[in-house]
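Novice: Just passing along the structure, written as structure tokens.
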Amino acid sequence: MRRARPWRSPWEDGRISDEERRMKRQVWLLFCCQALMQAATVGQAVMAALIGHSLAEDKSLSTLPVAIQMTATMAASIPAGMVFARLGRRPGFILGALGAMAGSLTFAAGVWTGSFALYCAGAVPAGLGFGIAQHYRFAAAEVASPAYRPRAISLVMTGGILAASLGPELVKATRDSFPPYLFLGTYLILACLPVLCMALLYFTRLPPPPARHAGGARVFEIITRPAFLTAAVTGMVAYGTMNLLMTSTPVEMMLCGFGIGASATVIQIHAVAMFGPGFFTGRLITRFGVRPVIVAGAALTALCVLIGLSGESFAHFGLALGLLGLGWNFMFVGATTLLATAHAPEERVRAQAANDTIVFGTVACTAFLSGAVHAQAGWTVLNLTVLPALALALGAIAWQQMRGARTATG
Numbered sequence: 018m019r020r021a022r023p024w025r026s027p028w029e030d031g032r033i034s035d036e037e038r039r040m041k042r043q044v045w046l047l048f049c050c051q052a053l054m055q056a057a058t059v060g061q062a063v064m065a066a067l068i069g070h071s072l073a074e075d076k077s078l079s080t081l082p083v084a085i086q087m088t089a090t091m092a093a094s095i096p097a098g099m100v101f102a103r104l105g106r107r108p109g110f111i112l113g114a115l116g117a118m119a120g121s122l123t124f125a126a127g128v129w130t131g132s133f134a135l136y137c138a139g140a141v142p143a144g145l146g147f148g149i150a151q152h153y154r155f156a157a158a159e160v161a162s163p164a165y166r167p168r169a170i171s172l173v174m175t176g177g178i179l180a181a182s183l184g185p186e187l188v189k190a191t192r193d194s195f196p197p198y199l200f201l202g203t204y205l206i207l208a209c210l211p212v213l214c215m216a217l218l219y220f221t222r223l224p225p226p227p228a229r230h231a232g233g234a235r236v237f238e239i240i241t242r243p244a245f246l247t248a249a250v251t252g253m254v255a256y257g258t259m260n261l262l263m264t265s266t267p268v269e270m271m272l273c274g275f276g277i278g279a280s281a282t283v284i285q286i287h288a289v290a291m292f293g294p295g296f297f298t299g300r301l302i303t304r305f306g307v308r309p310v311i312v313a314g315a316a317l318t319a320l321c322v323l324i325g326l327s328g329e330s331f332a333h334f335g336l337a338l339g340l341l342g343l344g345w346n347f348m349f350v351g352a353t354t355l356l357a358t359a360h361a362p363e364e365r366v367r368a369q370a371a372n373d374t375i376v377f378g379t380v381a382c383t384a385f386l387s388g389a390v391h392a393q394a395g396w397t398v399l400n401l402t403v404l405p406a407l408a409l410a411l412g413a414i415a416w417q418q419m420r421g422a423r424t425a426t427g
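Okay, so the sequence shown: first residue is 18 according to the working numbering, each after it adds one.
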């Protein structure tokens, strides 16, 4: 019987060209897996608040399914870390794909029965699958050299470009497949995407789980490091502010008289802006450094707020969410790159699980607050709540830079 070739870093020996080619193949496989898993999430972003608004008696609960999904995403971080640590990346990603499939099928059942409670229940496995899928970017960092790491992370995250096209287009094409059950056919199609992802995972060559007693610092020591704190705060603000505005945009557009097709197109613009820059964000980080890229992302998000407050035409919604997506990309890729500098190799699972628990815990809160603030205080107040969070992220960046300068001169 032929023995499986053990995984090793492409830079352990001198065969740079062959190993680098194999490494890039793994990155592209991860790119495709990320695209398939993200497509379901992008499609869900179009539908969730609209379905919640139609099924919930209390309209302030319209974004509750998204909040539950993000809570499950947060809750997935630690169990996912344990699975990755014990079994490796591939089994963990397969588990996540199964969760996403179960979530889509439960969403379909909720739409079929008209049950808001059942629809919310689907958010639990969907969130678990989404939380595990967030580790594709970490897997990309692990198969790449330090020099190529920012590009590998950003390239895998550009899988969202395919998702940006696929997710909303599936919504448009299948929303009326089973009248009068709006979006039922969409969820049945979305349940097939994780199956394709599992097929691609068969061909991946990913690092084995770390040694059970590999050592390294405890979680508390890791999360108190300046680089970790800055990365976690930046990721938290990037994802939280993006989710706060994106979640309520379809509802606001509906209240302004726009149809489902218009909302899907705006979410599509937003998703392309989120993931399209991945082709060059890594290069920008390599050239200018991670902090300037994060600051640029915060500025773009602030500009999104300005555009969002200046009008409610289709152009305003499209441009605002495009800027929101671009700002998210710069901030989140920058935060992920910064996180890779905050831990030793044997600490990676602990650091990644702690980071995602913090980030997606915040996203869960913003998902719930989005509907509540929008229903009670309106679109203007919802936009203005983004600005203090951006100030927090910029403060964290400035604090780490000043701390590093003091260390260098001391």
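C-beta atoms are modelled at their ideal positions from N, C-alpha and C, and glycine is treated no differently.
Given the structure is predicted, the values throughout are model-derived calculations rather than measurements.
Determine the direct distance from the alpha carbon of V141 to that of C135, and round the result to whole angstroms.
Specialist: Mapped onto the sequence shown, residue 135 falls at position 118. Mapped onto the sequence shown, residue 141 falls at position 124. First, the amino acid is wrong: residue 135 is Leu here, not Cys. Between L135 and V141, the C-alpha separation is close to 11 Å.
Novice: Only counting runs of 4 or more residues, tell me where the alpha helix (DSSP H) segments fall wholly within the segment 188-250, in order along the chain.
Specialist: Counting whole runs of 4 or more residues, the segment 188-250 contains the alpha helix (DSSP H) stretches 201-207, 210-218 and 236-240.
Novice: Cβ of A357 within 9 Å of Cβ of R166?
Specialist: For the purposes of this step, residue 357 is taken as residue 340 along the sequence shown, with counting starting at 1. For the purposes of this step, residue 166 is taken as residue 149 along the sequence shown, with counting starting at 1. Their beta carbons are under 9 Å apart, which means A357 touches R166 by this criterion.
Novice: For A102, which of helix, strand or coil comes out of DSSP?
Specialist: Residue numbering aside, residue 102 sits at position 85 when the sequence shown is read from its first letter. Helix.
Novice: Classify C137: buried if its beta carbon has 16 or more other beta carbons within 10 angstroms, exposed otherwise.
Specialist: Taking the sequence shown and counting its residues from 1, the one referred to as residue 137 is at position 120. So C137 ends up on the buried side.
Novice: Quick one: residues in its chain with C-beta nearer than 8 Å to the C-beta of N430, no 5 flanking neighbours on either side, listed in chain order?
Specialist: Nothing can be reported for residue 430: it is not among the residues displayed for the chain, which extend from 18 to 427.
Novice: What do you get for E238, buried or exposed, if any count of 16 or more other CB atoms within 10 angstroms of its CB means buried?
Specialist: As a working note, residue 238 is residue 221 in the sequence shown. It counts as exposed.
Novice: How close, in whole Å, do the beta carbons of T221 and G144 come, if the pair is a contact with beta carbons under 8 Å?
Specialist: By one-based count along the sequence shown, residue 221 stands at place 204. By one-based count along the sequence shown, residue 144 stands at place 127. Wrong, their Cβ atoms sit about 24 Å apart, outside the cutoff.
Novice: What do you reckon, are the CB atoms on I170 and A97 nearer than 9 Å?
Specialist: Counting from 1 along the sequence shown, the entry for residue 170 is found at position 153. Counting from 1 along the sequence shown, the entry for residue 97 is found at position 80. Not closer than 9 Å, so no.
Novice: At the level of alpha carbons, what is the spacing between L409 and I375?
Specialist: As a first step, residue 409 must be located in the sequence shown, where it is residue number 392. As a first step, residue 375 must be located in the sequence shown, where it is residue number 358. Each residue's alpha carbon lies about 15 Å from the other.
Novice: What residue ranges within the segment 41-124 form continuous alpha helix (DSSP H) runs of no fewer than 4 residues, ordered along the chain?
Specialist: Within the segment 41-124, the complete alpha helix (DSSP H) runs of at least 4 residues are 81-104.
Novice: What are the uninterrupted segments assigned as alpha helix (DSSP H) that are 4 or more residues long and contained completely in the segment 395-423, given in chain order?
Specialist: Runs of the alpha helix (DSSP H) inside the segment 395-423: 396-401.
Novice: Within 10 angstroms of the Cβ of R74, are there 16 or more other Cβ atoms? Answer buried if so, exposed if not.
Specialist: If you number the sequence shown from 1, residue 74 lands on position 57. A small correction: the amino acid at residue 74 is Glu; Arg does not occupy that position in the sequence shown. When all chains shown are included, E74 counts as exposed.
Novice: Looking only at its chain, what residues have a beta carbon closer than 7 Å to the beta carbon of F48, apart from the 5 residues adjacent to it on each side?
Specialist: Numbered from 1 along the sequence shown, position 31 holds the residue referred to as residue 48. So the qualifying residues of the chain are L172, V173, T175 and G176.
Novice: What did DSSP end up calling Q369 once you bin it into helix, strand or coil?
Specialist: Against the sequence shown, residue 369 aligns to sequence position 352. Residue state, collapsed to three classes: helix.
Novice: Between the segment 192-201 and the segment 314-322, are three or more C-beta pairs nearer than 8 Å?
Specialist: Segments in contact, no.
Novice: Anyone know if the C-beta pair for T58 and V268 falls short of 9 Å?
Specialist: For the purposes of this step, residue 58 is identified with residue 41 of the sequence shown, where counting begins at 1. For the purposes of this step, residue 268 is identified with residue 251 of the sequence shown, where counting begins at 1. No. Outside cutoff.
Novice: Using the C-alpha atoms, what's the distance from T251 back to A415?
Specialist: For the purposes of this step, residue 415 is taken as the residue at position 398 of the sequence shown. For the purposes of this step, residue 251 is taken as the residue at position 234 of the sequence shown. Going from the Cα of A415 to the Cα of T251 covers about 12 Å.
Novice: What whole-angstrom Cβ distance do T353 and R154 have, given they're in contact under 8 Å?
Specialist: Taking the first residue of the sequence shown as 1, we reach residue 353 at position 336. Taking the first residue of the sequence shown as 1, we reach residue 154 at position 137. Indeed they touch by this definition, with Cβ atoms about 6 Å apart.
Novice: Looking at C-alpha atoms only, which residue of A392, S94, A114 and I68 is the closest neighbour of S132?
Specialist: In the sequence shown, counting from the first residue as 1, residue 132 sits at position 115. Ranking A392, S94, A114 and I68 by Cα distance to S132 puts I68 first.
Novice: Looking only at its chain, what residues have a beta carbon closer than 7 Å to the beta carbon of S327, apart from the 5 residues adjacent to it on each side?
Specialist: For the purposes of this step, residue 327 is taken as the residue at position 310 of the sequence shown. Closer than 7 Å at Cβ, skipping near neighbours: H333.
Novice: Would you kindly work out how many angstroms separate the C-alpha atoms of A255 and F349, rounded to a whole number?
Specialist: Residue mapping note: residue 255 aligns to position 238 of the sequence shown, counting from 1. Residue mapping note: residue 349 aligns to position 332 of the sequence shown, counting from 1. Taking the straight line joining both Cα atoms gives about 6 Å.
Novice: Take L122 and list the residues in its own chain whose beta-carbon comes closer than 6 Å to its own, dropping the five residues that flank it on each side.
Specialist: What you label residue 122 is simply residue 105 of the sequence shown in a count that begins at 1. Cβ neighbours of L122 beyond the five flanking positions: A208.
Novice: Identify whether C273 lies in helix, strand or coil by the three-state DSSP scheme.
Specialist: Taking the first residue of the sequence shown as 1, we reach residue 273 at position 256. In this structure, C273 counts as coil in the three-state DSSP scheme.
Novice: CB P211 to CB A288, shorter than 9 Å?
Specialist: By 1-based counting over the sequence shown, the position of residue 211 is 194. By 1-based counting over the sequence shown, the position of residue 288 is 271. Not in contact: P211 and A288 (Cβ atoms no closer than 9 Å).
Novice: What is the DSSP secondary structure of W24, counted as helix, strand or coil?
Specialist: Translated into the one-based positions of the sequence shown, residue 24 becomes position 7. With a pLDDT of 46 at W24, under the threshold of 50, the modelled position of this residue cannot be trusted; read the value that follows with caution. In the structure shown, W24 sits in coil (DSSP, three-state: anything other than H, G, I, E or B).
Novice: Cα-Cα, which of C273, L217 and R365 is closest to Q51?
Specialist: The residue labelled residue 51 in the question sits at position 34 within the sequence shown. Of the candidates C273, L217 and R365, the one whose C-alpha sits nearest the C-alpha of Q51 is L217.
Novice: Do the segment 279-297 and the segment 337-345 make contact, defined as three or more Cβ pairs closer than 8 Å?
Specialist: Taking 8 Å as the limit for Cβ pairs, the verdict is that the segment 337-345 does touch the segment 279-297.
Novice: When burial is assigned at 16 or more other CB atoms within 10 Å of the CB, is V398 buried or exposed?
Specialist: Position 381 of the sequence shown, counting from 1, holds the residue named residue 398. The residue in question, V398, is exposed, as its Cβ has fewer than 16 Cβ neighbours within 10 Å.
Novice: In whole angstroms, give me the CA-to-CA distance for R39 and Y219.
Specialist: Within the sequence shown, the letter at position 22 stands for residue 39. Within the sequence shown, the letter at position 202 stands for residue 219. For R39 and Y219, the distance between alpha carbons rounds to 15 Å.
Novice: Ignoring anything shorter than 4 residues or poking outside the segment 129-188, list the alpha helix (DSSP H) runs there in chain order.
Specialist: Counting only runs of 4 or more, we get 133-150, 153-160 and 166-174.
Novice: Please state the DSSP three-state secondary structure of A357.
Specialist: By 1-based counting over the sequence shown, the position of residue 357 is 340. Correct three-state label for A357: coil.
Novice: Run through DSSP, which three-state label would E36 get?
Specialist: Position 19 of the sequence shown, counted from the start, is the residue given in the question as residue 36. Three-state DSSP puts E36 in a helix.
Novice: Compare the C-alpha of Q369 against each of G325, V100 and E37 and name the closest.
Specialist: The residue given as residue 369 occupies position 352 in the sequence shown. Cα-wise, what sits closest to Q369 is V100.
Novice: Buried or exposed for A56, please, with buried defined as at least 16 other CB atoms from any protein chain shown within 10 angstroms of its CB.
Specialist: To locate residue 56, count along the sequence shown from 1; it is residue 39. Answer is buried; the Cβ neighbour count reaches 16.
Novice: Under 7 Å Cβ to Cβ from L46, same chain only, skipping five residues before and after it: list those, please.
Specialist: If you number the sequence shown from 1, residue 46 lands on position 29. Same-chain partners within the cutoff: L217, F220 and T221.
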